[in-house]
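In the numbering used here, the protein residues as written are 7 to 467.
Just so you know, even glycine gets a beta-carbon here, dropped at the ideal spot from N, CA and C.
Note that the structure is predicted; figures quoted are calculated from it, not measured.
Structure record follows, encoded as structure tokens.
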Ligand SMILES: Nc1ncnc2c1ncn2[C@@H]1O[C@H](COP(=O)(O)OP(=O)(O)O)[C@@H](O)[C@H]1O
Ligand SMILES: [Mg+2]
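Shown next, in the form of structure tokens:
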């Protein structure tokens, strides 16, 4: 077999760390590096077993399986296409696997691999990765390792970045303490398109095509930049601006409730609206496995204030075939009369963007119309963590599902048209007031001419 490899691929193949990430620009030769590395390992260590993962089977088939069929010589190994395994004459195997959702990892409960490989690691959740680490073992003294390759971006961007990039200098083995208290060795090998002479010779226009991508994608795919693109849906989210210390909310502000309810999670937010249309999320309920009556009870226990409007998604009005009652009916039995919110996702997310938007206020400071009290820890955790849907950048990815409940609840509030309560105040004395003065006095929605003055005598209480 006649193969040439790039310098970076050689580094990847020779990595001495237990966990290796070959990460960066698209076209850098990462997936090819995986295949060559797996092949060399299989030959060098007879009866060894390895697996290469992609998130979905179509992803596997279209890319890495196809490539392996192209490059692996049949003199030493044969491919079993129904089992997706390469069987080597020396007894080694290379499996191909996919982990569509988190429960799929249990299929590998009794599996043992010398080397586990993830291609496009950022498509996986951290749970999937950690679970599979425990399957890396074997009754031989072959070097064990988890070897991954990935572009930046996608749902796993943050944890992959934290695990491999944020730990320190690239191209250097770091000893790292894991959350479980073990020590592991980790290396990040950055990959650039420019490293891949094979691609650049064959496809001279490749880099030019990357230049046509939108800014964020270009930075991720052309430069392999891990800081710019993170797939984050609410990239405007700023902890220092959107999260605030709780304060006592004036009684005259309108209070809202909004929820996403299911047995998997009852996610409810309490929101107050001031006279200038600023919204303050001041309480959250985030609890799983509550049947409707229990959820309703918890929500009632957390509510002393008058709720002006209580939003919920339309599917809560679906009737149960046996009882004829809907979830909304059941909530109403606990005095929670829900308002059906619009469930157009794209429009709804745009509305959330609008509420979160940063602007410069009169004092010249960055500000936002939506603030979250710092006691709403689950919202603060999940809102910045949700990512773009792969197929529709204007929608939020529905995986990991756990992240979506509170953002969904918030969306139901944001997508509905809101007006603030009118401020009721004592008018100091009879006389003529300009519109500006009236507004200063708190008459936000009074219907008065924009110019001139109006007599207030008639408006006395
Ligand atoms: N060492 C190599 N020899 C020949 N072709 C290579 C080599 N490395 C990569 N390539 C080719 O370059 C292209 C991009 O490589 P790939 O591994 O798919 O990149 P990445 O996974 O980083 O996006 C593919 O067509 C691949 O076959
Ligand atoms: Mg690839």
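Under the assumption that residue i contacts residue j (Cβ atoms under 8 Å), give the Cβ distance between them as a whole number of angstroms.
i	j	result
residue 173	residue 23	The pair is not a contact, with the Cβ atoms about 11 Å apart (cut-off 8 Å).
residue 4	residue 273	Because the chain here runs from 7 to 467, residue 4 falls outside it and cannot be looked at.
residue 55	residue 120	6 Å
residue 388	residue 412	5 Å
residue 263	residue 316	4 Å
residue 77	residue 41	7 Å
residue 156	residue 126	5 Å
residue 46	residue 70	Rounded, the Cβ-Cβ distance is 16 Å, inconsistent with contact.
residue 53	residue 98	6 Å
residue 84	residue 93	6 Å
residue 261	residue 281	That belief does not hold up - the Cβ atoms of residue 261 and residue 281 are roughly 14 Å apart, past 8 Å.
residue 380	residue 251	6 Å
residue 25	residue 190	6 Å
Return the chain-ordered list of same chain residues with a C-beta closer than 7 Å to the C-beta of residue i, the five sequence neighbours on each side being excluded.
i	result
residue 165	132
residue 105	59, 61, 111, 130 and 134
residue 238	390 and 393
residue 202	12, 33, 34 and 35
residue 400	352 and 355
residue 235	Per-residue confidence for residue 235 stands at a pLDDT of 46, beneath the threshold of 50, marking its modelled position as unreliable; the derived number appears in the next sentence. 158, 159, 222, 223, 225 and 226, listed in sequence order.
residue 405	161
residue 298	333, 336 and 337
residue 6	With the chain covering only 7 through 467, there is no way to say anything about residue 6.
residue 302	337, 340 and 342
Along the chain, where does the beta strand (DSSP E) that runs through residue i open and close?
i	result
residue 273	272-279
residue 313	Unbroken run through residue 313: none, as it is neither H nor E.
residue 377	376-379
residue 114	Residue 114 -> no beta strand (DSSP E), and no H or E assigned at all.
residue 196	189-197
residue 213	From DSSP, residue 213 is part of no beta strand (DSSP E) but of the alpha helix (DSSP H) over 212-217.
residue 84	83-86
residue 123	121-125
residue 101	99-104
residue 425	Residue 425 -> no beta strand (DSSP E), and no H or E assigned at all.
residue 26	25-30
Residues in its own chain within less than 6 Å of residue i by CB, not counting five upstream and five downstream?
i	result
residue 15	35 and 39
residue 420	357, 358 and 361
residue 7	79
residue 320	346 and 349
residue 123	40, 58 and 153
residue 27	154, 170 and 194
residue 21	193
residue 44	56 and 100
residue 91	99 and 101
residue 148	51, 54 and 120
Taking residue i as part of the alpha helix (DSSP H), name the residues at either end of that continuous run.
i	result
residue 39	36-50
residue 77	72-77
residue 338	333-338
residue 223	221-229
residue 264	Unbroken run through residue 264 is the beta strand (DSSP E), 260-267; no alpha helix (DSSP H).
residue 388	383-388
residue 61	Where residue 61 is concerned, there is no enclosing alpha helix (DSSP H), given that its DSSP letter is neither H nor E.
residue 13	13-19
residue 244	Note, residue 244: premise wrong, no alpha helix (DSSP H); not H, not E.
residue 208	203-208
residue 418	411-420
Tell me which same chain residues have a C-beta within less than 8 Å of the C-beta of residue i, skipping the five on either side of it?
i	result
residue 332	322, 323, 324, 325 and 326
residue 363	242, 374 and 375
residue 177	17, 193, 194, 195 and 196
residue 205	33, 35, 199 and 212
residue 75	85
residue 366	372 and 373
residue 402	239, 351, 355, 392, 393, 394, 395, 410 and 413
residue 271	292, 293, 294, 408 and 411
residue 48	54, 56, 83, 92, 94, 96, 98, 99 and 100
Quick one: does residue i have its CB under 8 Å from some CB of chain B?
i	result
residue 139	No chain B appears in this structure, which consists of one protein chain only.
Comparing the CB of residue i with every heavy atom of ligand 4, is any distance shorter than 7 Å?
i	result
residue 125	This structure simply doesn't include ligand 4; it includes ligand 1 and ligand 2 instead.
Q) Which residue spans inside the segment 131-184 form an unbroken alpha helix (DSSP H) run of at least 4? A) Listed in chain order, the alpha helix (DSSP H) runs fully inside the segment 131-184 are 132-139 and 163-166, counting runs of at least 4 residues.
Q: Can you list the residues near ligand 1, meaning Cβ strictly closer than 5 Å to any non-hydrogen atom, in the order they appear in the chain?
A: Those residues whose C-beta sits under 5 Å from the nearest heavy atom of ligand 1 are, from N- to C-terminal order along the chain, 11, 32, 33, 34, 35, 36, 37, 38, 204 and 205.
**Q.** Any beta strand (DSSP E) of 3 or more consecutive residues that is wholly inside the segment 343-376
**A.** The beta strand (DSSP E) runs lying completely inside the segment 343-376 and spanning 3 residues or more are 364-366 and 372-374, given in chain order.
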